[in-house]
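Q: To start, I am sharing the structure in question, which I have written as C-alpha cells.
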Amino acid sequence: MTASTLEFDGVSVAFGGVRALDDVSFSVGEREIVGLIGPNGAGKTTAFNCVSRFVRPQRGRLLAGGVDLTSVAPHEIAALGIARTFQGLELFKSMTVAETLLAGQHSRRRTMGALSSALRLPSVRRAEAVEIAHAREVADFFSIEQYWDRMATELPYGVQKRVDIARALVSAPRLLLLDEPAAGLNVEALAELATVIRTIRAEFNTAVLLVEHHVAMVMELCDRVCVLNFGRVIADGRPEEVQRDPAVIEAYLGTKVTDDA
Amino acid sequence: MHLDLQLITSGLAIGSVYGSIALGLVLIYRSTGILNFAQGEMATFSTYIGWSFVVSVGMPYWVGFLLAVLAAFLLGAVVERVAIRPVQNQPHLTVVIVTLGLFLLFNALSLKFWHSDVRPFRSPFPSGSVHVLGTYISWVSIGIFGVSLISMAFVGIVFRFTKVGLAMRAVTSNPMASALMGISNGRILSLGWGLSAAVGAIAGMLAANRLLLDPNMMQGVLLYAFAAAVIGGMTSPVGAVIGGLVMGVTNALVSSVSWIGSDLSLAATFIVLVLILLVRPQGLFGRQIEVRV
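These protein sequence lines are chains P and C, in that order. Under our numbering, think of the first position of the first sequence as 1, with each following residue one higher. Under our numbering, think of the first position of the second sequence as 1001, with each following residue one higher.
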C-alpha cells in the first residue's frame, strides 16, 4: 500500500464529557476523492479541525506524508501540502483577488528583504512575476481573472466561493480539504460542483477530502465515503457499498420500528 | 490667528511626529485590538539609546539614529513576545493594564539609566531657514517633516509590496485563515510591534531637538497621537498620519491666538477634535464598525 496523503489513526477528541471523535481511523490516498458524511453532530467538523490544528486530539495520530500533524503548529500545515476552504469563506478584507492569491501562496513564496522589495530590485520582480503568473493561471481556471483587481469580499457570493477555493489551490497542495462546498449553491451550481472537483483533481494533481451534507452529490463524486455517527466511523468504502450498509441507513433514517419488539 | 506659512510648516513638522506615533498605535490596534499606552515611552527609551550612541559614544548622528531605530525594532518585537503574547487572549482590561505597566516600566528605565535632567539633543538638520513665499521656513521643520514622511511611506511600501506586508494584512483581517495559508501569526505580530516601535523611535529622535529630551518627553505627544488616531478612524494608517498633521497644524494655529497662547492650546486643540468627531463620529477615514452576529 502506498503512503496515504492523510491518515487518521485511532483519533479521539472529547469536549468535556462529549466524545466528539471516538477512535476514528480512515485514510485518504494519493489523488483520491473522499467524502466525510454523517448526521449533524457526528464529528465531521471536529475531524476537519483536527487536521487544521484548531482541535488537539487527546489520543491517536494524524499522519500526513509520514509527519504526525499533532506535533505541528497550525501555520506549518500549509508547508506539508494541506490546504482548506471554509464554509464561511473567511476571505481577507481589503485585499484584491490578486493579493488574496498571493497570500495563498505564502508557504511557497520566497522571502525578500523589505529594502529590496521597496526598491523593486530585479530579483524581487522576477520572483513576483512567477508568483503572479501562477496566481493568474489558477484565477483563469476558476474564471475569476476578470475580478483580478477587485476587492474579494465585495464580489458576489458565488465568485467569492471560487476565490476561496483558488486561494487554497495556489499553494499547490497534495490534499485539499473542502468544508461543505455545496452550501449556499443553487441547483445548477450544485450540478456543476462534482465536475469542478473532479477537474481540480486532474488539473492540480491533488487528493480531496470533503465534508458535505449533500449526500447525493457525495455519492456521485467520491471514490470513497467515510460515514461518522456519534463520533465513530460506522462505514468506510465505495459509495455503492456504503449506501447499502444497514448501519448507515439506520443512522440516517432511524431504526425500523417493529411490532414484535 | 495668523494663517501664515511659518506656523503651518512648524505645525506640520510636529504634526508628523504625532502622526508617526499615531501610526504605531494604529498598526498595533488594527491587528490585535490592543491600545499600546507604552508607545510613547518606548519611543523615549529608544531616543535615549540614540542619544547615547551619538552623544556619549560620539557616533555620527545618522549612524546612531539607524542603530536606535534598529534597537527599537528589536525592543518592540521582544515586548510583544514577552509581555503581550501571554495575555493576548485575556480580557481587554488585562491587556490595557499590561501596556500601562510597560508605560511605567520604560519611563522608569529611562529615568534609571539617563536621569531626569532635561538634555538638548542637537538636530541633524542645518539651523538656518529657507526663504519661501515671503516667509522663512526653518530647515529643522523641513527635516522633521521630510524624515517622518519617508519613514511612514516606508511602512506603507512594506504593507503594499512585500510578502511580509501582505502577511501582516492577512493576519489583521483573518488570523485563522492566514495561519492555514502558512503564515505564523506570532511572528507577524512580533514584526508589527517591532515596526511600530521603530517608527516611534524615529519620531522620538526627530522630536527630541524641539521638545528637549527628558524621560517624560513623549507623554504630551502620546495624547496628541491618540487624538490623531481617533480622528483618522483608529484603523486607518493613512488616517492616523493625516490626523497627526491636523492636530499639529491646529495646535500651532490656535496657540498663535493671543488669548489662547501655548497654555490653553492643548484644550483648544481637543475642542477641534470634538468638533470633528461630532460631524464624523467614525473619524475621517474610519468605517462604521461592523458587528458580526
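C-beta: ideal position from N, C-alpha, C; glycine also.
For residue 1110 of chain C, report the span of its beta strand (DSSP E) as first-last.
A: To locate residue 1110 of chain C, count along the second sequence from 1; it is residue 110. Not the beta strand (DSSP E): residue 1110 of chain C falls in the alpha helix (DSSP H), residues 1092–1114.
Q: Taking CB distances under 8 Å as the criterion, tell me whether residue 90 of chain P reaches chain C.
A: The residue you call residue 90 of chain P lines up with position 90 of the first sequence. Yes, its Cβ sits closer than 8 Å to a Cβ of chain C.
Q: Quick check on the DSSP output: the alpha helix (DSSP H) that includes residue 145 of chain P runs from which residue to which?
A: Taking the first residue of the first sequence as position 1, residue 145 of chain P is located at position 145. Element bounds for residue 145 of chain P: n/a, residue is neither H nor E.
Q: So the beta strand (DSSP E) residue 237 of chain P belongs to, where does it begin and stop?
A: Taking the first sequence and counting its residues from 1, one reaches residue 237 of chain P at position 237. Unbroken beta strand (DSSP E) run through residue 237 of chain P: 232–237.
Q: Quick one: what does DSSP say residue 60 of chain P is sitting in, helix, strand or coil?
A: Counted from its first residue, the first sequence places residue 60 of chain P at position 60. If DSSP states are grouped into helix, strand and coil, residue 60 of chain P belongs with the strands.
Q: So what does residue 26 of chain P bridge to, in DSSP terms?
A: What you label residue 26 of chain P is simply residue 26 of the first sequence in a count that begins at 1. P:8, per the DSSP bridge assignment.
Q: Within 10 angstroms of the Cβ of residue 1267 of chain C, are there 16 or more other Cβ atoms? Answer buried if so, exposed if not.
A: Here residue 1267 of chain C refers to the residue found at position 267 when the second sequence is read from its first residue. By the neighbour-count rule (16 or more Cβ atoms within 10 Å), residue 1267 of chain C is not buried but exposed.
Q: Is residue 1293 of chain C helix, strand or coil by DSSP?
A: Position 293 of the second sequence, counted from the start, is the residue given in the question as residue 1293 of chain C. With a pLDDT of 48 at residue 1293 of chain C, under the threshold of 50, the modelled position of this residue cannot be trusted; read the value that follows with caution. Reduced to three states, the DSSP call for residue 1293 of chain C is coil.
Q: How long is the line joining the alpha carbons of residue 1249 of chain C and residue 1009 of chain C, rounded to whole angstroms?
A: As a working mapping, residue 1249 of chain C is identified with position 249 in the second sequence. As a working mapping, residue 1009 of chain C is identified with position 9 in the second sequence. Taking the straight line joining both Cα atoms gives about 8 Å.
Q: Taking buried to mean at least 16 other C-beta atoms within 10 Å of its own C-beta, is residue 1269 of chain C buried or exposed?
A: Residue mapping note: residue 1269 of chain C aligns to position 269 of the second sequence, counting from 1. Buried, because 16 or more other Cβ atoms sit within 10 Å of the Cβ of residue 1269 of chain C.
Q: Please name the residue in C:1169, C:1128, C:1232 and C:1147 whose C-alpha comes closest to that of residue 1139 of chain C.
A: The residue given as residue 1139 of chain C occupies position 139 in the second sequence. The option with the nearest alpha carbon to residue 1139 of chain C is C:1128.
Q: For residue 55 of chain P, which of helix, strand or coil comes out of DSSP?
A: The count along the first sequence starts at 1 and reaches residue 55 of chain P at position 55. Three-state DSSP puts residue 55 of chain P in coil, outside helix and strand.
Q: If distances are taken between C-alpha atoms only, which option among C:1167, C:1196 and C:1054 comes closest to residue 1188 of chain C?
A: As a first step, residue 1188 of chain C is located in the second sequence; it is residue number 188 there, counting from the start. The shortest Cα separation from residue 1188 of chain C among C:1167, C:1196 and C:1054 belongs to C:1167.
Q: Closest to residue 106 of chain P by C-alpha separation, out of P:35, P:122, P:194 and P:168, would be which residue?
A: Mapped onto the first sequence, residue 106 of chain P falls at position 106. It is P:168.
Q: Go ahead and pull the three-state DSSP assignment for residue 82 of chain P.
A: Start at 1 with the first residue of the first sequence, and residue 82 of chain P comes out as number 82. Residue 82 of chain P falls in the strand class under three-state DSSP.
Q: Go through its chain and collect everything with a Cβ distance to residue 162 of chain P's Cβ below 6 Å, but skip five positions before and after it.
A: For the purposes of this step, residue 162 of chain P is taken as residue 162 along the first sequence, with counting starting at 1. Here the set comprises 142 and 144.
Q: Could you spell out where the beta strand (DSSP E) holding residue 179 of chain P opens and where it closes?
A: Against the first sequence, residue 179 of chain P aligns to sequence position 179. Residues 175–179.
Q: For chain P, check one thing: does any of its Cβ atoms lie closer than 8 Å to the Cβ of residue 1112 of chain C?
A: As a working mapping, residue 1112 of chain C is identified with position 112 in the second sequence. Chain P contact via Cβ: absent.
Q: Considering residue 1137 of chain C, what are the terminal residues of the beta strand (DSSP E) in which it resides?
A: Stepping through the second sequence from its first residue, residue 1137 of chain C is reached at position 137. Note, residue 1137 of chain C: beta strand (DSSP E), 1135–1138.
Q: Do residue 1013 of chain C and residue 1154 of chain C have their beta-carbon atoms positioned less than 8 Å apart in this structure?
A: Locating residue 1154 of chain C in the second sequence gives position 154, counting from the first residue. Locating residue 1013 of chain C in the second sequence gives position 13, counting from the first residue. Contact flag unset, no.
Q: Under 8 Å between C-beta atoms, does residue 1008 of chain C make it to chain P?
A: As a working mapping, residue 1008 of chain C is identified with position 8 in the second sequence. Closer than 8 Å: no.
Q: Are there 16 or more other CB atoms within 10 angstroms of the CB of residue 147 of chain P, so buried, or fewer, so exposed?
A: The count along the first sequence starts at 1 and reaches residue 147 of chain P at position 147. Per the 10 Å Cβ criterion, buried.
Q: Give me the Cα-Cα distance between residue 24 of chain P and residue 75 of chain P, rounded to the nearest whole angstrom.
A: As a working mapping, residue 24 of chain P is identified with position 24 in the first sequence. As a working mapping, residue 75 of chain P is identified with position 75 in the first sequence. Those two C-alpha atoms are separated by around 24 Å.
Q: How about residue 97 of chain P and residue 152 of chain P: do their beta carbons lie closer than 8 Å?
A: Here residue 97 of chain P refers to the residue found at position 97 when the first sequence is read from its first residue. Here residue 152 of chain P refers to the residue found at position 152 when the first sequence is read from its first residue. In this structure, residue 152 of chain P lies closer than 8 Å to residue 97 of chain P by Cβ.
Q: So the candidates are P:140, P:125 and P:66; which of them puts its Cα closest to the Cα of residue 203 of chain P?
A: The residue given as residue 203 of chain P occupies position 203 in the first sequence. Looking at the Cα atoms, P:140 is the closest of the given residues.
Q: Confirm, please, whether the CB-CB distance from residue 1039 of chain C to residue 1304 of chain C is below 8 Å.
A: Since the displayed chain C opens at 1001 and closes at 1293, residue 1304 of chain C lies outside it and no answer follows.
Q: Do three or more CB pairs link the region 169–189 of chain P to the region 203–220 of chain P at distances below 8 Å?
A: Contact holds: three or more Cβ-Cβ distances are below 8 Å.
Q: Determine the extent of the alpha helix (DSSP H) in which residue 249 of chain P is found, giving its start and end residues.
A: Locating residue 249 of chain P in the first sequence gives position 249, where the first residue counts as 1. It spans 246–253 - the alpha helix (DSSP H) in which residue 249 of chain P sits, taken as one unbroken run.
Q: Which residue from P:160, P:6 and P:18 puts its Cα closest to that of residue 92 of chain P?
A: Taking the first residue of the first sequence as position 1, residue 92 of chain P is located at position 92. Nearest option by C-alpha distance: P:160.
Q: Ordered along the chain, which non-local residues of its own chain (more than five positions away) have a Cβ less than 8 Å from that of residue 1001 of chain C?
A: Locating residue 1001 of chain C in the second sequence gives position 1, where the first residue counts as 1. Reliability of the predicted coordinates at residue 1001 of chain C is poor, the pLDDT of 48 falling under 50, and the value obtained from them is presented with this limitation in mind. Closer than 8 Å at the Cβ level, and outside the excluded window around residue 1001 of chain C, lie 1253, 1254, 1256 and 1257.
Q: Can you list the residues of chain P that residue 1166 of chain C reaches, using a CB-CB cut of under 7 Å?
A: Position 166 of the second sequence, counted from the first residue, corresponds to residue 1166 of chain C. Those are 99, 102 and 103, listed as they occur along chain P.
Q: Is it buried or exposed for residue 1271 of chain C, if we count other Cβ within 10 angstroms and need 16 for buried?
A: As a first step, residue 1271 of chain C is located in the second sequence; it is residue number 271 there, counting from the start. Its Cβ having fewer than 16 others within 10 Å, residue 1271 of chain C is exposed.
Q: Enumerate, from N- to C-terminal direction, the unbroken beta strand (DSSP E) stretches of 3 or more residues contained entirely within the region 175–217 of chain P.
A: Qualifying beta strand (DSSP E) stretches, in chain order: 175–179 and 207–211.
Q: Looking at the structure shown, is residue 77 of chain P part of a helix, part of a strand, or coil, going by DSSP?
A: Start at 1 with the first residue of the first sequence, and residue 77 of chain P comes out as number 77. Looking at residue 77 of chain P - three-state DSSP - the assignment turns out to be coil, as it is neither helix nor strand.
Q: What residue range does the beta strand (DSSP E) around residue 229 of chain P cover?
A: For the purposes of this step, residue 229 of chain P is taken as residue 229 along the first sequence, with counting starting at 1. Element bounds for residue 229 of chain P: 224–229.
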